[in-house]
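**Student:**
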Amino acid sequence: MALINAGNRSKTRKTDTTPSPQPTKTLETLLEELDSDDVGLRRRAARDLADFPEAVPALCLRVATETALSVRTVLFTALIRMRSPSVVAGLVPYLRSEDAGLRNAVIEALQDMPEEVAPVMDELLADPDNDARIFAVNILSALPHANAPHWLVQVIDTDPHVNVCAAAVDCLAEVGDIAAVPHLENLSRRFADHPFMQFAVTTAIRRINGE
Amino acid sequence: MSMKKILVVDDGITMRLFYREVLEGAGFEVEEAANGVEGLERALLGGFDLMVVDINMPKMDGYEMVRQVRGDPALRAIPVVTVSTEEKDEDVLKAYTAGANFYLTKPVIPGDLIETVRLLTGVATQ
Numbered sequence: 548m549a550l551i552n553a554g555n556r557s558k559t560r561k562t563d564t565t566p567s568p569q570p571t572k573t574l575e576t577l578l579e580e581l582d583s584d585d586v587g588l589r590r591r592a593a594r595d596l597a598d599f600p601e602a603v604p605a606l607c608l609r610v611a612t613e614t615a616l617s618v619r620t621v622l623f624t625a626l627i628r629m630r631s632p633s634v635v636a637g638l639v640p641y642l643r644s645e646d647a648g649l650r651n652a653v654i655e656a657l658q659d660m661p662e663e664v665a666p667v668m669d670e671l672l673a674d675p676d677n678d679a680r681i682f683a684v685n686i687l688s689a690l691p692h693a694n695a696p697h698w699l700v701q702v703i704d705t706d707p708h709v710n711v712c713a714a715a716v717d718c719l720a721e722v723g724d725i726a727a728v729p730h731l732e733n734l735s736r737r738f739a740d741h742p743f744m745q746f747a748v749t750t751a752i753r754r755i756n757g758e
Numbered sequence: 229m230s231m232k233k234i235l236v237v238d239d240g241i242t243m244r245l246f247y248r249e250v251l252e253g254a255g256f257e258v259e260e261a262a263n264g265v266e267g268l269e270r271a272l273l274g275g276f277d278l279m280v281v282d283i284n285m286p287k288m289d290g291y292e293m294v295r296q297v298r299g300d301p302a303l304r305a306i307p308v309v310t311v312s313t314e315e316k317d318e319d320v321l322k323a324y325t326a327g328a329n330f331y332l333t334k335p336v337i338p339g340d341l342i343e344t345v346r347l348l349t350g351v352a353t354q
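Line order of the protein sequences matches chains D and Z. Here the first sequence stands for residues 548 to 758, numbered as in the numbering used here. Here the second sequence stands for residues 229 to 354, numbered as in the numbering used here.
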């Protein structure tokens, strides 16, 4: 595979730590097995490739084409274990995928790597596509990062699209504090002619106030 | 005449509360589910006259839920209104191909939702 440095191909890992000795497999072998017709072999290859950072591009490419749900699940588990800026870079493009299942899996995976996602959050929230910004807000809905409420407030202060702001309001109702209330009130004025936004802001403020 | 029973399926709690307020205010009974899997489980308990289904949801998205509804003899006759932030023609077509009866775009306007639900449940409009 062109993306793999030839110098890394001789690396091996032990596939198990049980008393019976297991054969070791090279990166190259595991990458070949990732393309196998055998679902079990693909699943084990995906699991074992988590020990090879050089495999990130191949694993990220595979999540888009993998047809077996069990293998796709293991691919994401491996990528979450390997969390790094390159994993984030490999997954972010799938936020534009038409495959909602893949998109949701990517959102959940990115939520599991907050420190790696944080540096690209501003860029995601500035995407020209409304739906991509909604998916970025969806990441924030369960991103365990101290800056998450700040990003959400930034969205309701500046984003021009009602649905993006509505998604952020829903998240702020969960993670926002009293400091978000004036921003919510401003948003309510900004979208004064949208009944849902009026309802969402009122609901969020009530929930923040513990009502 | 007994109240028509609507199942609203959306992962956003605020959205579900909004649907409840709007539809209950129009005389419908409302139950909620937070994703497609939960929605199907609720639907199979029976008694629903219509479902309002969000497209982008975790676990099972709206397209898949509608496909499963149409493939289930116990559910296939129930009208489904899909709701999405996506307004491109291909998104609308995808929902209808999956089996939706109607497609609404967010942010949902209360009057549009009520009229659509009334139309599809056979409740006379006012």
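All residues carry an ideal CB built from backbone N, CA and C; glycine is no exception. None of the values given here were measured: they were computed from a predicted structure.
Checking the sheet assignment: what are the DSSP bridge partners for Z:D282?
**Tutor:** Within the second sequence, the letter at position 54 stands for residue 282 of chain Z. Z:D282 is bridged to Z:V311.
**Student:** Would Z:V329 count as contacting chain D if we go by Cβ distances under 8 Å?
**Tutor:** Indexing the second sequence from 1 puts residue 329 of chain Z at position 101. Reading off the sequence, residue 329 of chain Z comes out as Asn, not Val. Output row for Z:N329: interface = no.
**Student:** Between the stretch 308 to 323 of chain Z and chain D, which residues of the former have CB atoms less than 8 Å from a CB of the latter, in chain order?
**Tutor:** T313, E314
**Student:** Identify whether D:A625 lies in helix, strand or coil by the three-state DSSP scheme.
**Tutor:** Along the first sequence, one-based indexing puts residue 625 of chain D at 78. Helix, per DSSP.
**Student:** Which residues mark the beginning and the end of the beta strand (DSSP E) in which Z:F330 is found?
**Tutor:** Within the second sequence, the letter at position 102 stands for residue 330 of chain Z. Unbroken beta strand (DSSP E) run through Z:F330: 330 to 333.
**Student:** Would D:D740 count as contacting chain Z if we go by Cβ distances under 8 Å?
**Tutor:** As a first step, residue 740 of chain D must be located in the first sequence, where it is residue number 193. No, because no Cβ of chain Z sits closer than 8 Å to the Cβ of D:D740.
**Student:** Kindly provide the ranges of any alpha helix (DSSP H) runs that are 4 or more residues long and lie completely inside the stretch 587 to 642 of chain D, ordered along the chain.
**Tutor:** For the stretch 587 to 642 of chain D, the continuous alpha helix (DSSP H) assignments of 4+ residues that do not extend past its boundaries occur at 603 to 612, 616 to 628, 632 to 638, in sequence order.
**Student:** According to DSSP, is Z:E260 helix, strand or coil?
**Tutor:** As a position in the second sequence, residue 260 of chain Z is number 32, starting the count at 1. Strand, per DSSP.
**Student:** Helix, strand or coil, according to DSSP, for Z:L235 in the structure here?
**Tutor:** Within the second sequence, residue 235 of chain Z is the residue found at index 7, counting from 1. Of the three classes helix, strand and coil, the one that applies to Z:L235 here is strand, per DSSP.
**Student:** I want to know whether the stretch 332 to 342 of chain Z touches the stretch 247 to 259 of chain Z - three or more CB-CB distances under 8 Å.
**Tutor:** yes
**Student:** May I ask you to verify whether the stretch 717 to 724 of chain D touches the stretch 681 to 700 of chain D, counting CB pairs closer than 8 Å and requiring at least 3?
**Tutor:** yes
**Student:** Please compile the residues from chain D whose C-beta is within a distance smaller than 8 Å of the C-beta of Z:K233.
**Tutor:** On the second sequence, position 5 is the one that residue 233 of chain Z refers to. Per Cβ cutoff of 8 Å: no residues; Z:K233 is ~22 Å from chain D at best.
**Student:** I want to verify the contact list: residues of chain Z whose CB lies under 8 Å from the CB of D:D678, in sequence order.
**Tutor:** Taking the first residue of the first sequence as 1, we reach residue 678 of chain D at position 131. Those are T313, E314, listed as they occur along chain Z.
**Student:** Could you tell me if D:P568 is buried or exposed, where buried requires 16 or more neighbouring beta carbons within 10 angstroms of its beta carbon?
**Tutor:** Position 21 of the first sequence, counted from the first residue, corresponds to residue 568 of chain D. The predicted position of D:P568 is uncertain, since its pLDDT is 48 and thus under 50; a value taken from the coordinates is nonetheless stated next. That one is exposed.
**Student:** Under 7 Å Cβ-Cβ, which residues of chain D neighbour Z:F256?
**Tutor:** As a first step, residue 256 of chain Z is located in the second sequence; it is residue number 28 there, counting from the start. Against Z:F256, chain D offers no close residue; the least beta-carbon distance is about 17 Å (beta-carbon pairs closer than 7 Å).
**Student:** Looking at the structure shown, is Z:K322 part of a helix, part of a strand, or coil, going by DSSP?
**Tutor:** For the purposes of this step, residue 322 of chain Z is taken as residue 94 along the second sequence, with counting starting at 1. If DSSP states are grouped into helix, strand and coil, Z:K322 belongs with the helices.
**Student:** What residue does the beta strand (DSSP E) around Z:K316 start on, and which one ends it?
**Tutor:** Residue numbering aside, residue 316 of chain Z sits at position 88 when the second sequence is read from its first letter. Element bounds for Z:K316: n/a, residue is neither H nor E.
**Student:** Does DSSP put D:D706 in a helix, a strand or coil?
**Tutor:** The residue given as residue 706 of chain D occupies position 159 in the first sequence. D:D706: coil per DSSP, three-state reduction.
**Student:** Going straight from the alpha carbon of D:M660 to that of D:S688, what length do you get?
**Tutor:** Here residue 660 of chain D corresponds to residue number 113 of the first sequence, with the count starting at 1. Here residue 688 of chain D corresponds to residue number 141 of the first sequence, with the count starting at 1. One C-alpha to the other measures close to 13 Å.
**Student:** Starting from the Cα of D:A545, find the closest Cα among D:V635, D:E663, D:V700, D:Y641 and give me that residue.
**Tutor:** Nothing about residue 545 of chain D can be reported from this structure: the residues present for chain D run from 548 to 758 only.
**Student:** According to the Cβ coordinates, are D:V684 and D:A715 closer than 8 Å?
**Tutor:** Mapped onto the first sequence, residue 684 of chain D falls at position 137. Mapped onto the first sequence, residue 715 of chain D falls at position 168. Closer than 8 Å, so yes.
**Student:** Residues of chain D with a CB under 9 Å from the CB of Z:I337: which are they?
**Tutor:** Against the second sequence, residue 337 of chain Z aligns to sequence position 109. Those within 9 Å of Z:I337 in chain D are H741, P742, F743.
**Student:** Which whole-angstrom value is the C-beta distance of Z:T333 and Z:S312, which I expect to be below 8 Å?
**Tutor:** By 1-based counting over the second sequence, the position of residue 333 of chain Z is 105. By 1-based counting over the second sequence, the position of residue 312 of chain Z is 84. Their Cβ separation, rounded to whole angstroms, is 7 Å, which keeps Z:T333 and Z:S312 in contact under 8 Å.
**Student:** Say whether the stretch 275 to 289 of chain Z touches the stretch 301 to 308 of chain Z, bearing in mind that this needs 3 or more beta-carbon pairs closer than 8 Å, one atom from each stretch.
**Tutor:** yes
**Student:** Could you name the residues of the same chain whose beta carbon sits closer than 7 Å to that of D:H730, not counting the 5 residues immediately before and after it, in chain order?
**Tutor:** To locate residue 730 of chain D, count along the first sequence from 1; it is residue 183. Same-chain partners within the cutoff: V700, I703, D704.
**Student:** Taking all protein chains shown into account, do 16 or more other C-beta atoms lie within 10 angstroms of the C-beta of D:R736, making it buried, or fewer, making it exposed?
**Tutor:** Along the first sequence, read from residue 1 onward, the residue named residue 736 of chain D stands at position 189. Residue environment analysis places D:R736 among the exposed positions, since fewer than 16 neighbouring C-beta atoms fall within 10 angstroms of its C-beta.
**Student:** Please classify D:H730: does DSSP put it in a helix, a strand, or coil?
**Tutor:** For the purposes of this step, residue 730 of chain D is taken as the residue at position 183 of the first sequence. Of the three classes helix, strand and coil, the one that applies to D:H730 here is helix, per DSSP.
**Student:** Kindly indicate which three-state DSSP category D:S644 falls into: helix, strand or coil?
**Tutor:** The residue you call residue 644 of chain D lines up with position 97 of the first sequence. Note: D:S644 maps to coil in three-state DSSP.
**Student:** Quick one: does Z:I241 have its CB under 8 Å from some CB of chain A?
**Tutor:** Of the protein chains in this structure, namely D and Z, none is chain A.
**Student:** Counting only C-beta atoms, is D:A593 closer than 8 Å to chain Z at any point?
**Tutor:** Within the first sequence, residue 593 of chain D is the residue found at index 46, counting from 1. No, no contact with chain Z.
**Student:** Is the CB of D:I686 under 8 Å away from at least one CB in chain Z?
**Tutor:** Walking along the first sequence from the start, residue 686 of chain D turns up at place 139. For D:I686, the answer is no, since every Cβ of chain Z falls outside 8 Å of its Cβ.
**Student:** Could you give the DSSP three-state label for D:F743: helix, strand or coil?
**Tutor:** Indexing the first sequence from 1 puts residue 743 of chain D at position 196. It is helical.
**Student:** Report the neighbours of Z:D289 on chain D: residues whose CB is nearer than 8 Å to its CB, in chain order.
**Tutor:** Indexing the second sequence from 1 puts residue 289 of chain Z at position 61. Neighbours of Z:D289 on chain D, chain order: A647, G648, N651.
**Student:** From the DSSP output, in three-state form, read off D:A689 for me.
**Tutor:** Taking the first residue of the first sequence as 1, we reach residue 689 of chain D at position 142. D:A689 falls in the coil class under three-state DSSP.
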